[in-house]
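One structure is given here, and the rest of the page talks about it.
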Amino acid sequence: MKKGDTFLHCGVEGRITAANASSDPAGALAVSYTTNALGQRVFKRDARLSGSSTLAITQQTVYAEDGTGSMVLGQ
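Every letter in the sequence shown is one number past the one before it in the numbering used here, and letter 33, counting from 1, is 27.
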C-alpha cells in the first residue's frame, strides 16, 4: 500500500459499503454507504472532514417510484 491508495469494502450483496485509506472498514476516516431493501443508496456518511468537535457529514437520498422506475427526488 502506498499513500493515496483507497480500500473499497463490500457488503454481502456485493455493493460498496465503505471506502477509506485503511483496510479496516470501520476506519475513522471512512466514507460509508447504507442501502435500502431495493439496493438504493439512502445514506452516505463522510467522516473525512470530521474532527474531535465536528460530527461526520451524513447525506440522505430520497427516491420516488414512477411508471419508469425509481427517480432521485433529492439529496
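Note that CB positions come from ideal geometry on N, CA and C, so glycine has one too.
Excluding sequence positions up to five away, which residues of its chain have a Cβ less than 6 Å from the Cβ of residue i?
| i | result |
| --- | --- |
| Gln54 | Phe37 |
| Ala24 | Ala12, Asn14 and Ala41 |
| Asn30 | Val36 |
Can you name, in chain order, every residue of its own chain whose Cβ lies under 8 Å from the Cβ of residue i, other than the five neighbours on each side?
| i | result |
| --- | --- |
| Ile10 | Leu2, His3, Cys4 and Tyr27 |
| Thr0 | Ala13, Asn14 and Ala15 |
Can the beta-carbon of residue i be found closer than 8 Å to that of residue j?
| i | j | result |
| --- | --- | --- |
| Ala50 | Arg39 | yes |
| Glu59 | Gly33 | no |
Once the 5 residues before and after residue i are set aside, which same chain residues still bring their CB inside 7 Å of it?
| i | result |
| --- | --- |
| Ser17 | Phe1 |
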